[in-house]
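S.K.:
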Ligand code: COA
Ligand code: AMP
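In this note's numbering, the protein residues as written are 1252 to 1880.
(1) With a cut-off of 8 angstroms on the beta carbons, I'd call residue 1687 and residue 1734 a contact; round off their distance for me.
(2) Just to confirm my understanding: we take residue 1320, look at its own chain, exclude 5 residues before and 5 after, and list those with CB closer than 7 angstroms. What are they?
(3) Go ahead and pull the three-state DSSP assignment for residue 1514.
(4) Return the CA-CA distance between residue 1398 and residue 1433, expressed in angstroms with no decimal places.
(5) Tell me whether the stretch 1414-1434 and the stretch 1507-1521 touch, counting them as touching only if at least three CB pairs, one residue from each stretch, are closer than 8 angstroms.
(6) Beta carbon of residue 1750: closer than 8 angstroms to some heavy atom of the ligand AMP?
(7) Which of helix, strand or coil does DSSP assign to residue 1272?
(8) Taking 9 angstroms as the threshold (C-beta atoms), are residue 1689 and residue 1742 in contact?
(9) Taking the straight line between their C-alpha atoms, what separation do you get for residue 1749 and residue 1724?
(10) Does DSSP classify residue 1220 as helix, strand or coil?
(11) Starting from the C-beta of residue 1282, find all residues in its chain whose C-beta is less than 6 angstroms away, skip the five residues before and the five after it, and write them out in chain order.
(12) How far does the beta strand (DSSP E) with residue 1726 in it extend, from its first residue to its last?
(13) Quick check for students: name the residue ranges of the alpha helix (DSSP H) that lie wholly in the stretch 1824-1872, counting only runs of 4 or more.
(14) Near residue 1754, what residues of its chain come up, given a Cβ to Cβ distance below 6 angstroms and the 5 sequence neighbours on each side ignored?
(15) Among the residues of its own chain, which have a CB less than 6 angstroms from the CB of residue 1374, if the five just before and after it don't count?
(16) Can you list, in chain order, the residues of its chain with a C-beta nearer than 8 angstroms to that of residue 1440? Leave out the 5 residues immediately preceding and following it.
(17) Leaving out five residues before and five after residue 1334 in sequence, what residues of the same chain have Cβ atoms less than 6 angstroms from its Cβ?
(18) Quick one: any contact between the stretch 1839-1852 and the stretch 1822-1831, if contact means 3 or more CB pairs under 8 angstroms?
(19) Tell me, to the nearest whole angstrom, how far the beta carbon of residue 1619 is from that of residue 1594; I am working on the premise that it is less than 8 angstroms.
(20) Residues in the same chain with beta-carbon distance under 7 angstroms from residue 1665, minus the five sequence neighbours each way, listed in chain order, please.
(21) Please report the Cβ distance between residue 1327 and residue 1558, rounded to the nearest whole angstrom; I am assuming they are in contact, meaning their Cβ atoms lie under 8 angstroms.
(22) What does residue 1542 pair with, by DSSP beta-bridge criteria?
(23) In whole angstroms, give me the CA-to-CA distance for residue 1573 and residue 1804.
(24) Out of 1579, 1679, 1488 and 1498, point me to the one whose CA is closest to residue 1540's CA.
(25) Just mark residue 1811 as buried or exposed, buried being the case when its beta carbon has 16 or more other beta carbons within 10 Å.
(26) Tell me whether residue 1641 is buried or exposed, calling it buried when 16 or more other Cβ atoms sit within 10 Å of its Cβ.
(27) Less than 9 angstroms between the beta carbons of residue 1616 and residue 1652, yes or no?
(28) What residues match up with residue 1750 in a beta bridge as DSSP calls it?
(29) Would you kindly work out how many angstroms separate the C-alpha atoms of residue 1512 and residue 1550, rounded to a whole number?
(30) By DSSP, does residue 1606 sit in helix, in strand, or in coil?
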């Protein structure tokens, strides 16, 4: 069947379509139906089925004869190590860890925070939780103690599983002091922490609270997979919104399994047994869906890569990994490709490796600029497929369904809507827009399986953030259009979320931190265009009356504050002091105009601005830090 027929059927008869897809996973008890709409506009999928994620990702492959196949290949140029874990080994490692968690009181529904770098143990920790029905919440290692504390207080974990350290080029990231600091700051205290001691740094354990990863598994009974309801949360993943408090995206078990399984062949075009590599981090949704669950549920081998596209040790690392591990399908963020292109524009490093088994490159996480796509296609000699999705959706909203049929690529478009996503372009009043017209991108409810059913402990915020603006639709927060052929074009965010090196960040959160500086009266953070990272945050600060300290000192303190409070991942390096911020007469900061000025675009002074002269002041301030024109 061609894509068009499959897509049309998914919308015309979602019940039949998704019940059919559900056949691809193992159930303890099959669901009586696919869609549960009795609480609309809140929807659930397969709620009354009984299923287990870890069984589907690990055990069933061993049962089916894949025990000797590599489940995980760990390739870590930052530690100079490589190793493989077979499905059979993975099963016993995960069952033992799950047994240790259970022995210490972790039960179905309990939350477990995971704070780990790119080591297989991160995936094992996730799988061990799902094995016993515990709900994990992975926190990205680049976040600081405060962000970790906020997440601990929101999801109230019974346990934290962490590594002693992470390794960034040139430095060891000491995780343990961050965890200790976060637990101290948080109101909620976990019962215990499991610490995976890495050779690169052995952390000191807190007596009575911390247990060693290996020691706590000694003598425990390995745990079997516990059947959970289809709508049991498999994980919570926090993501940036408009304000400083992150949104806890909830994922339900069954829809997650069904959707990810569908995507592996139909979008990424791999068959079970083949090697799939997503160069991201387990702390992001790409890591959840396509380093851990998607490839494993589908019986693929997944690569856990601990390194960077450049500098570990060179711009040929990605090509080496692809060739050495026989990667068939490769997924990364455009930033990573831009980093390689900048360092090795002629891709000379590629001559050292044979990547002829690779079928395609998939890009997502931020806008893929045509230059990068064309360059990658040229040097790699494979098709490059942009696809568009979000933490909230868990899998692609739009992509090129290459496992069904490869649709013609239009460079700059992530191609077409995937099954179950009824994508519409709306104007501010919620009116549908004709092809070629820019508007808010919304998805007619219900969203397909695998997408978020709600936010953790925040149903009101779920309604407000996603459902209230356009009743009957999910608001994506992205603006764009759809052309005559149904191809989508993603242009910009409609909120204060920015995307730095494929990392989703909130300018609002950075503003909240800077506003706490005693000398700062008011501030604004915007995302300006950056040739490597896509966007970079820039802060504008207005000082409290009477403050006459050197501006450079104050801005350096603001930079430090953001790094200490949010973390290095914020990549907040530029701030400038200004007398005033451009505002509307009603006092709203005109951030959009500031972005245009910083990007050197010609700006038409908006009629609503309270004092047009401020734009010139902003221009000169930006020139002092090398921005604007
Ligand atoms: N733990 C601790 N610190 C981390 C971290 C982690 N897991 N990940 C990043 N950081 C730190 C970096 O060391 C850097 O610190 P610095 O300010 O001391 O240099 C800071 O956070 C900013 O990181 P980043 O924006 O990633 O910049 P970079 O210069 O280290 O690397 C790229 C640039 C392009 C090579 C890198 O961003 C990259 O590989 N991007 C791909 C993005 C990606 O995979 N995104 C996932 C979504 S699909
Ligand atoms: P995250 O939740 O971190 O995956 O970020 C999701 C956001 O990243 C989306 O809402 C978009 O703004 C942006 N994004 C992701 N993929 C793409 C893409 N292929 N093209 C344009 N923007 C993208």
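We put the CB at the ideal spot given by N, CA and C, even for glycine.
M.R.: Reading from the atomic positions:
(1) 6 angstroms
(2) Result list for residue 1320: 1337, 1338, 1524 and 1552, in chain order.
(3) In this structure, residue 1514 counts as helix in the three-state DSSP scheme.
(4) 8 angstroms
(5) no
(6) yes
(7) helix
(8) yes
(9) Each residue's Cα considered, the two are about 23 angstroms apart.
(10) Here the chain covers residues 1252 to 1880 and nothing more, so residue 1220 does not appear.
(11) 1297, 1299, 1300 and 1481
(12) 1724-1733
(13) 1842-1849
(14) 1820
(15) 1543
(16) 1434
(17) 1325
(18) no
(19) Residue 1619 to residue 1594, Cβ: 19 angstroms. No contact.
(20) 1637, 1638, 1639, 1649, 1650, 1739 and 1741
(21) That belief holds up - the Cβ atoms of residue 1327 and residue 1558 are roughly 7 angstroms apart, short of 8 angstroms.
(22) The partner list for residue 1542 (beta bridge, DSSP) is empty, contrary to what the question assumes.
(23) 46 angstroms
(24) 1488
(25) exposed
(26) buried
(27) no
(28) 1755
(29) 9 angstroms
(30) coil
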